[in-house]
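Report on one structure; see the data block that follows.
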Amino acid sequence: MERLWLVRLGRHGEGEKQAQEQCLLSIDFGVREDLRACKDRGAVLAVISRIHPDEKAATLRNYAAQVNQLINVARAGDFVVSPMKTSSTIWIGRLVGDYAPGPEGQITRKVEWLKTDLPRDTFKQDLLYSFGAFMTVCEVSRNNALKRIESVIDTGQDHGDGVTLTTGPSTPVVSSSVPESAEASDQLVDLERIARDQIERRVASVFTGHDFTRLVGAILNAQGYVARVTPLGADNGVDIVAGSGPLGLESPRLVVQVKSGTMIVDQPSLQALIGSIRTPRQIMA
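Residues 39 to 323 (this note's numbering) are what the sequence shown spells out, left to right.
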């Protein structure tokens with residue numbers, strides 16, 4: 039039976055470009071050697087302990103458990119969820135083939151991406167909570183997660199699991215004795231990311247269309263800019279013009295195009311904004 043794994047691609051998204059362009063998941067625990075002879079967590083732990091001789095025993099067990107999950111426990115055909123820090127989107131894929139070391143000995147697994155650039159609000163809060171686990175590799179199994187991911191692949195929607203859900207345990211804890219498959223919802227989570235998700239949902243439900251543009255203008259004013267919001271209607275691609283100083287004429291100057299909704303801003307949208315920019319005098323006339 040297939041399983042669902044959360045695989046993070048670097049604290050700052052360092053492995054995201056490779057994953058997106060080469061369909062290759064890569065995690066970094068300092069390993070730069072072939073681990074195919076390591077068939078269980080004990081063998082992986084021996085290698086990790088040699089690489090990190092000064093680390094605490096609990097940390098070494100944690101590292102070994104995560105590495106073992108990706109190279110031995112996760113099987114070809116299992117599903118993978120990877121939150122992308124660089125775009126604030128979520129990608130869903132399926133593992134292809136077995137573990138093989140990268141060119142420099144990195145820990146890698148091939149993946150076939152099934153859904154890319156999914157807005158985070160595609161998923162209900164309980165799944166987002168699991169996706170916010172700090173672990174680099176862990177299983178997501180609770181709250182009917184796998185069936186819901188399959189639903190997102192098929193329909194683009196997370197229908198939930200039909201029960202009242204909490205946003206996670208009141209005191210999530212990482213045990214010093216890490217099991218073969220650590221569950222995402224049991225791990226420490228990125229509370230900043232979860233709080234941001236909830237704020238975004240609230241803003242999206244209250245501020246739509248031109249109301250969202252006015253909200254952005256108010257935020258710029260609160261940050262010390264003098265912001266001018268264009269009237270509702272034809273704006274030639276410019277929604278807000280803002281600048282520093284008493285009249286908003288001093289640098290830095292901002293030209294803003296506001297997009298609301300769940301769309302992902304793509305390259306054509308950015309090019310259209312660039313093309314709509316005029317000189318400051320023309321814009322503010």
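Glycine included, C-beta positions come from ideal geometry on N, C-alpha and C.
Since the structure is predicted, the reported quantities are computational estimates derived from the model, not experimental observations.
Next item on the list: Could you check what DSSP says for F250 in three-state terms: helix, strand or coil?
Entry: Annotated three-state conformation of F250 is helix, per DSSP.
Notebook entry, point to check: What alpha helix (DSSP H) runs, 4 residues minimum, are completely inside the region 61-135?
Noted result: 79-89, 95-106
Notebook entry, point to check: Per DSSP, what kind of secondary structure is K55 in: helix, strand or coil?
Noted result: helix
Check: Looking at the structure shown, is Y167 part of a helix, part of a strand, or coil, going by DSSP?
Finding: helix
Note to self: Can you give me the C-alpha to C-alpha distance between D192 and N182, rounded to a whole angstrom?
What the structure shows: 16 Å
Margin query: Please state the DSSP three-state secondary structure of D196.
Written below: coil
Next item on the list: Along the beta strand (DSSP E) that carries S243, what are the first and last residues, could you check?
Entry: Careful: S243 lies outside any beta strand (DSSP E), inside the alpha helix (DSSP H) at 229-244.
Note to self: Quick check: the region 111-121 against the region 131-149, are at least 3 beta-carbon pairs closer than 8 Å?
What the structure shows: Enough Cβ pairs lie closer than 8 Å, so yes.
Check: Starting from E288 and walking both ways along the beta strand (DSSP E), at which residues does that stretch end?
Finding: 288-294
Notebook entry, point to check: Apart from the five residues just before and just after A265, which ones in its own chain have a Cβ nearer than 6 Å to its Cβ?
Noted result: G255, L258, N259, I278, A280
Checklist line | Of the listed residues R46, G140, D72, nearest to V175 (C-alpha basis) | finding: Among R46, G140, D72, the Cα nearest to that of V175 is on R46.
Next item on the list: Within 10 angstroms of the Cβ of R240, are there 16 or more other Cβ atoms? Answer buried if so, exposed if not.
Entry: exposed
Next item on the list: Classify K162 as helix, strand or coil using the three-state DSSP reduction.
Entry: coil
Margin query: When you measure from the CB of L73 to every non-hydrogen atom of the ligand MN, does any distance come out below 7 Å?
Written below: Among the components modelled here there is no ligand, and therefore nothing to report on the ligand MN.
Notebook entry, point to check: Can you name, in chain order, every residue of its own chain whose Cβ lies under 8 Å from the Cβ of K77, other than the five neighbours on each side?
Noted result: N110
Check: Taking C-beta to C-beta, are V63 and R147 nearer than 8 Å?
Finding: Val is not the amino acid found at residue 63; the sequence shown has Leu there. Yes, the Cβ-Cβ distance between L63 and R147 is below 8 Å.
Item checked: Length of the line joining the Cα atoms of S179 and D164 -> 12 Å
Next item on the list: Along the beta strand (DSSP E) that carries H148, what are the first and last residues, could you check?
Entry: For clarity, residue 148 is Lys in the given sequence; the question names His instead. Counting along the chain, the beta strand (DSSP E) containing K148 begins and ends at 145-157.
Next item on the list: Tell whether a beta-carbon distance below 8 Å holds between L98 and Y137.
Entry: The answer is no: Cβ separation not under 8 Å.
Notebook entry, point to check: Is it the case that the Cβ atoms of T127 and L166 are separated by a distance below 8 Å?
Noted result: No, the Cβ-Cβ distance between T127 and L166 is not below 8 Å.
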